[in-house]
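Protein chains in written order, with the working numbering: chain A, 61 to 514; chain B, 7 to 443.
Please read the structure below before turning to the comments.
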């Protein structure tokens, strides 16, 4: 494969060119209600040629390795029509060939389909039988194994294997015309056992869905909010993580000026990193999809902007070093700047101190999701509890928060000294590429004056 | 079928026979090949062109009341993938039917248009460039982008019920947008269009005018205090609002008890001015289909008639599950849903607003309990309206409520509609809005 790819790239008329070819094999099973509704297996091969000439890019997506050289030349011709300036890509230190085989703690490929189906059927039964209000359920098991081959005109070559296993559990409760649901998911890149022993979690999910039927809506307005670590991770991902992706900045002078390194963006206790080297995390890769090794990038240090996330192009244009954050969701897409494993670092306070400081507030947990438009962002909790005089109170539902990046990070007034970063299912969406596996996390954090819709 | 040669068609037929031979009571294979070209401008200049070629097949087999599905794109591996589907079917998903139905008679609908040949690479680059240059005239410091492209796909579906039909479509897309930053304020605007034929919808002037409206109105800021206020929703937001309503008509979800509308068939669940039809036979429309995923003929239907739920949507499998007649809706979802217009133009609705909000786009819609119709999201682009005039753009505001509840009370539907998906404006007398003030 190495020879084939480099032969196709040899002497191509471009400032830079790369070929990425991927083999994907996977299966998934889904229960909805009492029925197994989906049993699917897939095998897809394909790749993308990407070429830069005079700052313009041409790409060519292909399904087979036939006529690769012709496809490279076609991409070069297209890029030449487009480009009208100097190509500026950051230099990288020379790297030896990377041959990264998957290292399993417990390989999912050794487990039979019967065993996997039996497991999810077991969880499904727990969900359905736990409470009379549970109307339906959804249990999904997905496994996939990607092998990616990459070569570039910089002489970089890598072969990396990226396995992934995901379990998601969801319960749907019903009372009259009202329907509530809640879910959680678990994933791993190296250990099938992440999907085992989730009986207690299935029961908890189902009981929570039933409880949400009776829970009042959280009233709209401004609230003091404590975010549980899993939700704190969503918060920082949406509130700030995307704004640190340099492909939003590098061609936008005004945004670049707003996000200048050294600018105060949050309270002094706030420290945020994106770490592509964390072992066992779904956002971690042995090299990014341009061949750059991963690293831990500090985004916010003591409340001030400390770094951006880069690809070769954004680093080149912003005169920075590439950070190993050029990622693509699959073989059909070009790499763009994406997060890996993003989290808020622990702070000085105990979790108890955070709660003690709240007369009336909300404790937001889990995640439905989040979205950002750079300045503004939303993030929604799967469920929440009131806080009365520092104590947890009743369950509430429909807790959707919005914030403004220039205000909300400065409204954090408590960061606890715990830290949780967890692998989940799903992922991040950007530029039509979703879901990209990422992790996020943090400690408990307290934020004043958060706007909740309602 | 220019791409697929006889040997590939024969291969599919052989795989279907092999499936039967190996004990399947039914099998279906869909094969699809696609080509596309696109170009994009970033930061006001031509940045990227992309060529794409894709190949895909999906195999489904039925064995003893169970279904196994395999997909792939390596033609030489099709038999191997069939084996994998058969293996899965032995332990796999429950199938509520064991034979594919006989082919029917299908409507004549146009999916492929030669007019896409007009969209040469040079024309797409020039048209996107025109949009970019226009936006630069308003403010050269904005972050400006534009993109366009076209695609064509062709293939066929075959099953053991004797069904064999070619499939394929052409489509184009054209869009543009800008980000205007003033101090720490960011205004995002974007507009796009797509269709299967190059016709009046390929309208650069429309895109320019819409973007200019956003530029003009969005440049002034306005503040308001959160309250229950009248709200006018632009067509893209109306399409989002329709998602839980159409989702509640999913026959499988109705049978499984998930749909909040399960007891409401034939009943007035919505205001009497709401009529929604499904139009699968619109020439060149993105969702059109003359048959569903098992080969049953599709037909135009009325989903909600003057507020009354007329029908739920069932594909072949869920129909057998529920013991009802199938409605030929693949995935139990509509093909091209259309809202019947009302009797007052949107501009007139705007003119009647004493004090209210005109919502152009939302941030975070879908991150609430949409199955229940609940929504709570940030107003990404919205305007304060006073005495019928747009005063300015609002920020840091949230809108929340329940879509089923809102659409069951009095509300108004505009008589005009956005041309691409024929979606009107909706006007609600009051929706809850929250702000920091």
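Don't be surprised by glycine CBs; every beta carbon is placed ideally from N, CA and C.
Who are the neighbours of residue i on chain B, taking C-beta pairs under 8 Å?
| i | result |
| --- | --- |
| residue 195 (chain A) | 262, 263, 264 |
| residue 507 (chain A) | None at all; the shortest Cβ gap to chain B is about 13 Å. |
| residue 144 (chain A) | 51, 52 |
| residue 123 (chain A) | 59, 60, 61, 79 |
Can you pull the chain A residues whose beta carbon is under 7 Å from the beta carbon of residue i, in chain order?
| i | result |
| --- | --- |
| residue 80 (chain B) | 103, 105 |
| residue 384 (chain B) | 436, 438, 462 |
| residue 194 (chain B) | 433 |
| residue 248 (chain B) | The contacting residues do not exist; residue 248 (chain B) stays about 18 Å from chain A at best. |
| residue 442 (chain B) | 282, 511 |
Identify the contact partners of residue i in chain B, using a Cβ-Cβ distance below 9 Å as the criterion.
| i | result |
| --- | --- |
| residue 136 (chain A) | What residue 136 (chain A) touches in chain B: nothing, since even the nearest Cβ is about 11 Å away. |
| residue 454 (chain A) | Neighbours of residue 454 (chain A) on chain B: none; closest Cβ ~18 Å, over 9 Å. |
| residue 174 (chain A) | 97 |
| residue 466 (chain A) | 190 |
| residue 119 (chain A) | 54, 55, 56, 57, 58 |
Let me check understanding here. Comparing Cα to Cα, which of the options lies closest to residue i?
| i | options | result |
| --- | --- | --- |
| residue 45 (chain B) | B:90, B:118, B:88, B:153 | B:153 |
| residue 141 (chain B) | B:425, B:88, B:218 | B:218 |
| residue 74 (chain A) | A:112, A:62, A:80 | A:112 |
| residue 247 (chain B) | B:68, B:388, B:372, B:23 | B:372 |
| residue 163 (chain B) | B:114, B:357, B:401, B:301 | B:301 |
| residue 157 (chain A) | A:351, A:371, A:361 | A:351 |
| residue 41 (chain A) | A:372, A:387, A:388 | Since the first residue shown for chain A is 61 and the last is 514, residue 41 (chain A) is missing from the structure and cannot be characterised. |
| residue 294 (chain B) | B:258, B:343, B:278 | B:343 |
| residue 377 (chain A) | A:325, A:146, A:131 | A:146 |
| residue 43 (chain B) | B:335, B:168, B:131, B:405 | B:131 |
| residue 168 (chain A) | A:274, A:251, A:389 | A:251 |
| residue 491 (chain A) | A:177, A:459, A:390 | A:390 |
| residue 441 (chain A) | A:430, A:451, A:434 | A:430 |
| residue 424 (chain A) | A:484, A:412, A:294 | A:294 |
| residue 494 (chain A) | A:439, A:477, A:398 | A:398 |
Check whether the Cβ of residue i lies closer than 8 Å to any Cβ atom in chain E.
| i | result |
| --- | --- |
| residue 60 (chain B) | The structure shown contains no chain E; its protein chains are A and B. |
Could you name the residues of chain B that residue i contacts, counting a contact when the two beta carbons are closer than 7 Å?
| i | result |
| --- | --- |
| residue 239 (chain A) | 264, 266, 377, 378 |
| residue 458 (chain A) | 374, 375, 380, 382 |
Strictly below 8 Å CB to CB, what residues from chain A border residue i?
| i | result |
| --- | --- |
| residue 2 (chain B) | Since the first residue shown for chain B is 7 and the last is 443, residue 2 (chain B) is missing from the structure and cannot be characterised. |
| residue 300 (chain B) | Going along chain A, no residue has its Cβ under 8 Å from residue 300 (chain B), so there is no contact; the nearest lies around 16 Å. |
| residue 73 (chain B) | 99 |
Segment contact, 8 Å Cβ cut-off, at least three pairs: the stretch 94-111 of chain A with the stretch 70-87 of chain B: yes
Contact between the stretch 304-322 of chain A and the stretch 439-454 of chain A (3+ Cβ pairs under 8 Å): no
Residues within the stretch 180-209 of chain A neighbouring chain B, beta-carbon criterion of under 9 Å: 195, 196
Chain-ordered residues of the stretch 413-428 of chain A with a beta carbon less than 7 Å from chain B: 428
Contact the stretch 51-65 of chain B vs the stretch 64-71 of chain A: 3+ CB pairs below 8 Å: no
The stretch 86-101 of chain A: positions lying closer than 7 Å to chain B by Cβ: 92, 93, 95, 96, 97, 98, 99, 100, 101
Meets three-Cβ-pair contact criterion under 8 Å: the stretch 413-425 of chain B and the stretch 346-357 of chain B: yes
Meets three-Cβ-pair contact criterion under 8 Å: the stretch 121-139 of chain B and the stretch 25-32 of chain B: no
Runs of beta strand (DSSP E) wholly within the stretch 356-427 of chain B (minimum 3 residues, chain order): 361-369, 380-392, 395-399, 403-408, 418-424
Stretch-stretch touch, CB-based, cutoff 8 Å, three pairs: the stretch 225-233 of chain B with the stretch 197-207 of chain B: no
Segments assigned alpha helix (DSSP H), at least 4 residues, entirely inside the stretch 440-491 of chain A: 465-468
Positions along the stretch 366-381 of chain B whose CB lies within less than 8 Å of some CB in chain A: 369, 370, 372, 373, 374, 375, 377, 378, 380
Residues of the stretch 19-49 of chain B whose Cβ lies closer than 8 Å to any Cβ of chain A, in chain order: 45, 48, 49
Interface residues of the stretch 219-234 of chain A facing chain B [CB-CB below 9 Å]: 232, 234
Against chain A: residues of the stretch 310-336 of chain B by CB proximity under 7 Å: none
Chain B contacts made by the stretch 297-316 of chain A, where a contact means CB separation under 7 Å: 311, 312, 314, 315
Those runs of the alpha helix (DSSP H) which lie wholly inside the stretch 290-333 of chain A and span at least 4 residues: 313-318
Residues from the stretch 471-489 of chain A in contact with chain B, defined by Cβ distance under 8 Å: none
Continuous beta strand (DSSP E) assignments of at least 3 residues falling wholly in the stretch 119-163 of chain A: 158-160
The stretch 489-506 of chain A in contact with the stretch 395-402 of chain A per 3-pair CB rule at 8 Å: yes
The stretch 240-260 of chain B / the stretch 424-436 of chain B touching (three or more Cβ pairs under 8 Å): yes
Validate contact between the stretch 137-151 of chain A and the stretch 360-369 of chain A using beta carbons, cut 8 Å, 3 pairs: no
contact_flag[the stretch 388-397 of chain B, the stretch 359-369 of chain B] where n(CB pairs < 8 Å) is 3 or more: yes
Contiguous beta strand (DSSP E) assignments of at least 3 residues, all confined to the stretch 224-281 of chain A: 238-248
The stretch 314-322 of chain B touching the stretch 268-284 of chain B, judged by at least three CB pairs closer than 8 Å: yes
Stretch-stretch touch, CB-based, cutoff 8 Å, three pairs: the stretch 226-244 of chain A with the stretch 185-205 of chain A: yes
Residues of the stretch 89-115 of chain B with Cβ closer than 8 Å to any Cβ of chain A, in chain order: 90, 91, 93, 94, 95, 97, 98, 99, 100
Touching by the beta-carbon criterion (3+ pairs, under 8 Å), the stretch 109-117 of chain B and the stretch 165-179 of chain B: yes
Sufficient close CB pairs (3 or more, under 8 Å) joining the stretch 173-180 of chain A to the stretch 74-89 of chain A: yes
Residues in the stretch 141-172 of chain B having any Cβ partner in chain A nearer than 8 Å: 147, 149
Within the stretch 12-76 of chain B, ranges of the alpha helix (DSSP H) (whole runs, at least 4 residues): 12-27
Residues of the stretch 392-405 of chain B whose Cβ lies closer than 9 Å to any Cβ of chain A, in chain order: 401, 402, 403, 404, 405
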